[in-house]
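Just below is one structure, and these are the notes that go with it.
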Amino acid sequence: MRPADNIHNQIKKLQLKASADLDKRVHDEISQALAHSEKIEPAHAELTAWRTIMKSRMTKWAAAAAVIIIAVIVGINHFIGPVNVTSVALADVLERIEQAQAFMYKMRVTTSVGMFTGKPAETIEIEMDYTITISNEYGMKWETETTDHNTGKTMTQIMYIRPGQKAAIMIMPEMKKYMQMEFDDDLVARTKKQNNDPREMIKQIMGCQYTELGRSVIDGKEVEGFHTTDPAMFAGMGENIKYTLWVDAKSWLPVRCEMDFKMGEQMQASSVIYDYQWDIPVAASDFEPTIPEDYTPLSSEAIRMPSMSEEAAIEGLKFFVELSGQYPKKLDMLNLAMEFAELKKKELAELKKGEASKDAGRKSKGEPNQVELEKVIKETMETMQPIQSLSLFYMSLVQGKKEPVYYGESVGPNDADKVLLRWKVSEGQYRVVFGDLTTVDITAEKLAEIEELQPK
Amino acid sequence: MLQDKLLIWKFNRGNKDALRYIYEKYKDDLVTLAAALLTDVSSAEDVVHDVFVSFIESRSRFRLTGSLKGYLATCVANNARNKNKAGRRQQTAALDNRNIPASARTGLPLRKQGSGSQCPDVAAMFGEELRRLSWSLAELPYEQREVLLLHIYSGMRFRAIARSQAVSINTVQGRYRYALDKLRSMLDGEAKNETSR
Chain F
1 MRPADNIHNQ
11 IKKLQLKASA
21 DLDKRVHDEI
31 SQALAHSEKI
41 EPAHAELTAW
51 RTIMKSRMTK
61 WAAAAAVIII
71 AVIVGINHFI
81 GPVNVTSVAL
91 ADVLERIEQA
101 QAFMYKMRVT
111 TSVGMFTGKP
121 AETIEIEMDY
131 TITISNEYGM
141 KWETETTDHN
151 TGKTMTQIMY
161 IRPGQKAAIM
171 IMPEMKKYMQ
181 MEFDDDLVAR
191 TKKQNNDPRE
201 MIKQIMGCQY
211 TELGRSVIDG
221 KEVEGFHTTD
231 PAMFAGMGEN
241 IKYTLWVDAK
251 SWLPVRCEMD
261 FKMGEQMQAS
271 SVIYDYQWDI
281 PVAASDFEPT
291 IPEDYTPLSS
301 EAIRMPSMSE
311 EAAIEGLKFF
321 VELSGQYPKK
331 LDMLNLAMEF
341 AELKKKELAE
351 LKKGEASKDA
361 GRKSKGEPNQ
371 VELEKVIKET
381 METMQPIQSL
391 SLFYMSLVQG
401 KKEPVYYGES
411 VGPNDADKVL
421 LRWKVSEGQY
431 RVVFGDLTTV
441 DITAEKLAEI
451 EELQPK
Chain E
1 MLQDKLLIWK
11 FNRGNKDALR
21 YIYEKYKDDL
31 VTLAAALLTD
41 VSSAEDVVHD
51 VFVSFIESRS
61 RFRLTGSLKG
71 YLATCVANNA
81 RNKNKAGRRQ
91 QTAALDNRNI
101 PASARTGLPL
111 RKQGSGSQCP
121 DVAAMFGEEL
131 RRLSWSLAEL
141 PYEQREVLLL
151 HIYSGMRFRA
161 IARSQAVSIN
171 TVQGRYRYAL
181 DKLRSMLDGE
191 AKNETSR
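Residue numbers (this note's numbering), protein chains in the order written: chain F, 1 to 456; chain E, 1 to 197.
Put into structure tokens, the structure is as follows:
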């Protein structure tokens, strides 16, 4: 081949490395100019799904977002909101388990996620087995084994949550990776108080409408059942919710818990919590992560859990507008993930088109390699982070029964006089976020006047 | 890219780490582009430095409407063009009324002037494998070289290049065609010379 035949490829091969001197000069400029900048808010990468996602094909990357949702529901749902203690029987159960200084239990979550490929029959099935140990003194440890039934692959993850240090560490042995996560003050406070354990499940069911199922027998033990289908149990995120708690009729301690719910048309999840062990002996070392020397960090910086404040939610709305030019149509996690998936699909299609027109023969055909896939997933999860804050805030409003109403389908960034999101702050008082993202507290009467003029 | 939009969203909020990430992500490509334009690594790094200084200053008002890579490449090209013009003015003044060598028309810095064979530095920049290409690129008129590199190396569309250079898209496409033809001719000629030796 003559040199001239290959000009495009040769030009693309031109590559210089920036010198250390330039690096220093630019980094110094950045440090000086942004000396008082805010801390980075990197991704909340939900690791339970990480390896499963990476094993998925790139064209199905969108499943990642949906799988994250499961973990968010399972993992963060319990950080949310106070409840009113009204039930005598469940209050007794709560009192008993609050006396336990350390305990452990197992949980199996089975999730079926429909792909966003236009083929409704195509689904992935993921099974996650958790062993969770909680100590009031030392923190919490989650060991998770995730199995993708479509590929038969499994992976293990161990997460140490240390509320006292405002941090968590996730270790992924198969990948020889680890990830550090920071909690913000708000989440630390919630974590300290609520700690993602059966105590919170009891409080949540107590905050919902539930029925007493009476006596039954599980594993030879006489148990008493409590059942709810109240959407508030999962912060309004799921449909067809069925939640059943079985407690030992003698000790009044939980024996088994069963959950079942659906999210949109794409996802069905069910889980069972079992094998509770109460007042087990634990040592500080059980909750201290040991990271082997050859493990490397998944991210160069500590990951922060997404904030669920009003401010973070408004930032999430701003970010979504920057991505798409409009507000998300709905604020629940699944719909947000799907809308985001559409944006990502468009971007990938654009990239593909650009590459094809520039250099059709250069790109490798077929499936992406592991590194490419990791990159795409990591970028996706990072970009999802502000959006997750938005959804989590909305979840907290639903769970707190603050009557949130969202008008994303009909209100846009230029609708300064229209209500985009509102929720109840106290009797007769509402907080309103307008289309231009300004906020105000108004009376119920005033809100009714404004909403009367809203586009239907 | 959605990731770039996230980085800009954080950058707008004064996030230092996002800015560092942007720099790390694009620095090598930008230095390469500037060096290929100016045929001088030191000047290229100055250009990239200056582009980032301006970029940092724009943090609160910066809005990304297209690709971040394209935006930064345009900034580098604009800055390199200015540097190139300034270099030519200096040369003209220094040479006073003496004859200007043909290579000065390319607008390269004085110490880099001349054909590739007279200027081993140009080839040395990109290594032996791309020696012929580096020399030939350096021989192209600056405007043609700029269009060629922005389109092929930085992946910019002709319309975007035309906008950034304030010329018509026909002019840009013309420069691109001329550049490719000249490059082909030079590379083929070089190959024939080597064969006949």
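Even glycine gets a Cβ: it sits at the ideal position worked out from N, Cα and C.
- Distance from the CA of asparagine 9 of chain F to the CA of glutamate 310 of chain F, rounded to the nearest whole angstrom, comes to 50 Å.
- Using a CB distance cut-off of 9 Å, leucine 343 of chain F counts as an interface residue toward chain E.
- Distances from the alpha-carbon of leucine 437 of chain F to those of F/Gly428, F/Ala444, F/Pro413 and F/Ala448 put F/Pro413 closest.
- The Cβ neighbour count for leucine 453 of chain F, taken over all protein chains shown within 10 Å, is under 16; the residue is labelled exposed.
- For tryptophan 9 of chain E, the enclosing alpha helix (DSSP H) begins and ends at 2–12.
- For a cut-off of 8 Å, the C-beta gap from histidine 49 of chain E to leucine 22 of chain F is around 6 Å, short enough to register as a contact.
- Cβ atoms of glutamate 382 of chain F and leucine 6 of chain E come within 8 Å of each other, at about 6 Å.
- At a beta-carbon threshold of 8 Å, the residues of chain F lying near tryptophan 9 of chain E are Lys318, Phe319, Glu322 and Pro386, ordered along the chain.
- Pairwise C-beta distances place the region 29–38 of chain E in contact with the region 148–156 of chain E, as three or more of them are shorter than 8 Å.
- Within the region 400–448 of chain F, the complete beta strand (DSSP E) runs of at least 3 residues fall at 419–426, 429–434 and 439–443.
- When Cβ-Cβ separations below 9 Å define contact, glutamate 347 of chain F makes contact with chain E.
- For the region 25–47 of chain E, the set of positions with a beta-carbon nearer than 7 Å to some beta-carbon of chain F reads Lys27, Asp28, Val31, Thr32, Ala35, Ala36, Val41 and Glu45 in chain order.
- Sorting F/Ile387, F/Tyr295, F/Val321 and F/Ser271 by C-alpha distance to the C-alpha of serine 307 of chain F places F/Ile387 at the top.
- With the criterion set as a beta carbon lying under 8 Å from some beta carbon of chain F, the members of the region 143–158 of chain E are Leu148, Leu149, Ile152, Tyr153 and Gly155, in sequence order.
- Burial is judged here by how many other beta carbons sit within 10 angstroms of a residue's own beta carbon; lysine 16 of chain E has at least 16 and is buried.
- With 16 or more other Cβ atoms inside 10 Å of its own Cβ, threonine 74 of chain E counts as buried.
- DSSP, reduced to helix, strand and coil, places glutamine 388 of chain F within a helical segment of the structure shown.
- Secondary structure note for phenylalanine 226 of chain F: its beta strand (DSSP E) is the uninterrupted segment 221–228.
- Two segments are said to touch when three or more pairs of C-beta atoms, one from each, lie closer than 8 Å; by this definition the region 425–439 of chain F does not touch the region 282–294 of chain F.
- Non-local C-beta neighbours of tyrosine 276 of chain F in its own chain, meaning closer than 6 Å and more than five positions away in sequence, comprise Tyr105 and Pro254, ordered along the chain.
- Phenylalanine 226 of chain F and leucine 245 of chain F have their C-alpha atoms roughly 5 Å apart.
- Glycine 214 of chain F: not part of any alpha helix (DSSP H); member of the beta strand (DSSP E) spanning 210–218, first to last residue.
- Bounds of the beta strand (DSSP E) holding tryptophan 278 of chain F are 267–278.
- Here DSSP, grouped into helix, strand and coil, assigns alanine 232 of chain F to helix.
- One finds His27 and Ile30 in chain F with Cβ atoms closer than 8 Å to the Cβ of arginine 20 of chain E, taken in chain order.
- In this structure, the alpha-carbon of lysine 141 of chain F lies about 41 Å from that of glycine 325 of chain F.
- DSSP places methionine 175 of chain F in the helix class (H, G or I) of the three-state scheme.
- Per the C-alpha coordinates, the member of E/Lys85, E/Tyr23 and E/Asp4 positioned closest to arginine 63 of chain E is E/Asp4.
- In summary, the residues of the region 10–22 of chain F whose CB is separated from some CB of chain E by less than 8 Å are Gln10, Ile11, Lys12, Lys13, Leu14, Gln15, Leu16, Lys17, Ala18, Ser19, Asp21 and Leu22, in the order they occur in the chain.
- Burial check for serine 43 of chain E: the Cβ neighbour count within 10 Å reaches 16 or more, so the residue is buried.
- Fully contained in the region 1–86 of chain E are the following alpha helix (DSSP H) runs of length 4 or more, in chain order: 2–12, 16–38 and 41–57.
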